[in-house]
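A.B. asks: Note that UniProt numbering numbers the sequence shown so that position 66 is 66, with each residue one more than the last.
Glycine residues also receive a C-beta, built at the ideal position from the N, C-alpha and C atoms.
All figures in this text were calculated on a predicted structure; none of them were measured in a lab.
Pasting a structure here, questions to come.
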Amino acid sequence: MGEVPGLRERKKLRTRHALISGALRLFLEKGYEQTTISEIAMAADVSTRTFFSYFASKEEVVLCDARESLDRLLRTFAERRPDEGPADLLARAVETIFETLAEDAEMGWEITEINRLVMSVPSLRAQALLLMFDVQHQMVEALQDAFPGELDAVEACAAVGSVVGTAKLAISMGLKQGGPAEEVLQGCRRAVGLALAGLRAVPPFES
Numbered sequence: 001m002g003e004v005p006g007l008r009e010r011k012k013l014r015t016r017h018a019l020i021s022g023a024l025r026l027f028l029e030k031g032y033e034q035t036t037i038s039e040i041a042m043a044a045d046v047s048t049r050t051f052f053s054y055f056a057s058k059e060e061v062v063l064c065d066a067r068e069s070l071d072r073l074l075r076t077f078a079e080r081r082p083d084e085g086p087a088d089l090l091a092r093a094v095e096t097i098f099e100t101l102a103e104d105a106e107m108g109w110e111i112t113e114i115n116r117l118v119m120s121v122p123s124l125r126a127q128a129l130l131l132m133f134d135v136q137h138q139m140v141e142a143l144q145d146a147f148p149g150e151l152d153a154v155e156a157c158a159a160v161g162s163v164v165g166t167a168k169l170a171i172s173m174g175l176k177q178g179g180p181a182e183e184v185l186q187g188c189r190r191a192v193g194l195a196l197a198g199l200r201a202v203p204p205f206e207s
């Protein structure tokens with residue numbers, strides 16, 4: 001069982017969530033380029049200085065969850081269990097992301113709105129694409145480090161590419177079809193499960 005966050009930590013989480021939610025509302029109402037950082041801070045009832053203690057820019061507000069998800073994934077890879085194979089480790093790493101989303105009742109709304117926003121703003125779409133490539137490169141290196149001498153670069157690329165690509169495509173299609181956030185995430189989870197089942201059918205990923 002995880003530790004219950006203290007009062008200070010809960011306050012920081014509430015402020016962070018208020019900044020993200022306020023920014024998304026303004027981006028959707030006014031447009032991304034037209035929204036100022038001062039307006040985002042005002043919507044969250046904090047100062048501009050407080051905004052910069054949480055985020056470096058508007059772009060970071062939109063893409064922060066992807067970077068934090070990468071950090072969680074990399075920590076999971078670094079904590080590989082002795083009896084864990086590559087596919088099992090990938091499955092556990094991805095599951096940490098789904099568990100985090102499920103713990104926050106409002107996160108489902110955020111992930112769908114963030115994806116729609118990214119796809120509608122060319123500068124964000126370009127940054128998200130670069131971030132996705134960086135995420136996959138770091139995941140490949142972390143997976144190889146977790147299994148030294150057991151996985152070569154091609155095998156690690158195949159594993160990471162299949163899981164990340166499947167997740168991204170499943171979310172994109174779910175959003176395109178207009179499903180609710182919970183349905184989009186359930187579809188993504190199912191798609192990733194199918195990709196992992198395929199990996200387990202071939203060496204060196206079989207359980």
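For Phe-98 and Ala-78, what's the separation of their Cα atoms in angstroms?
C.D. replies: About 19 Å.
A.B. asks: Tell me whether Leu-151 sits in a helix, a strand or coil according to DSSP, three-state version.
C.D. replies: In the structure shown, Leu-151 sits in coil (DSSP, three-state: anything other than H, G, I, E or B).
A.B. asks: For a test of the three-state rule: what should DSSP assign to Arg-189, helix, strand or coil?
C.D. replies: The answer is helix: DSSP assigns Arg-189 an H, G or I state.
A.B. asks: Taking C-beta to C-beta, are Leu-74 and Gln-136 nearer than 8 Å?
C.D. replies: In this structure, Gln-136 does not lie closer than 8 Å to Leu-74 by Cβ.
A.B. asks: From Ala-105 to Ser-47, what does the alpha carbon distance come to, in whole angstroms?
C.D. replies: Residue placement at Ala-105 cannot be trusted, given a pLDDT of 47 that sits under 50; what the coordinates show is reported in the next sentence. C-alpha separation (whole angstroms): 26 Å.
A.B. asks: Nearest CA to the CA of Val-189: which residue from Ile-171, Gly-198, Pro-203 and Ser-57?
C.D. replies: According to the sequence displayed, residue 189 carries Arg and not Val. Comparing Cα positions, the closest option is Ile-171.
A.B. asks: For Ile-37, which residues in the same chain have their Cβ closer than 7 Å to its Cβ, ignoring the five residues on either side in sequence?
C.D. replies: Excluding residues within five positions, the ones whose Cβ falls inside 7 Å are Thr-48, Phe-51 and Lys-58.
A.B. asks: Could you check whether the stretch 124-136 touches the stretch 153-164, counting it as contact only if at least three pairs of C-beta atoms, one from each stretch, sit closer than 8 Å?
C.D. replies: Yes: at least three Cβ pairs fall under 8 Å.
A.B. asks: What residue range is occupied by the uninterrupted alpha helix (DSSP H) comprising Gln-144?
C.D. replies: First-last of the alpha helix (DSSP H) with Gln-144: 122-146.
A.B. asks: Taking the alpha-carbon positions, what's the Asp-152 to Asn-115 distance?
C.D. replies: Using only the alpha carbons, I get a separation of about 33 Å.
A.B. asks: Can you tell me which of the three DSSP states Phe-55 falls into?
C.D. replies: Here Phe-55 sits in coil by DSSP.
A.B. asks: Per the contact definition of three or more C-beta pairs closer than 8 Å, is the stretch 122-129 in contact with the stretch 58-72?
C.D. replies: Cβ pair count under 8 Å is three or more, so yes.
A.B. asks: Residues in the same chain with beta-carbon distance under 7 Å from Val-202, minus the five sequence neighbours each way, listed in chain order, please.
C.D. replies: Taken in chain order, the list of residues that qualify is empty.
A.B. asks: Which of the three DSSP states, helix, strand or coil, is assigned to Asp-83?
C.D. replies: Asp-83: coil per DSSP, three-state reduction.
A.B. asks: Taking all protein chains shown into account, do 16 or more other C-beta atoms lie within 10 angstroms of the C-beta of Gly-149, making it buried, or fewer, making it exposed?
C.D. replies: Gly-149 is exposed by the Cβ-count criterion.
A.B. asks: From the DSSP output, in three-state form, read off Glu-3 for me.
C.D. replies: Below a pLDDT of 50, predicted positions are generally treated as unreliable, and Glu-3, at 49, falls in that range; the measurement from the model is reported next regardless. Coil at Glu-3, not helix or strand.
A.B. asks: Could you check whether Ala-128 and Val-118 sit closer than 8 Å to each other, using their CB atoms as the reference points?
C.D. replies: In contact: Val-118 and Ala-128 (Cβ atoms closer than 8 Å).
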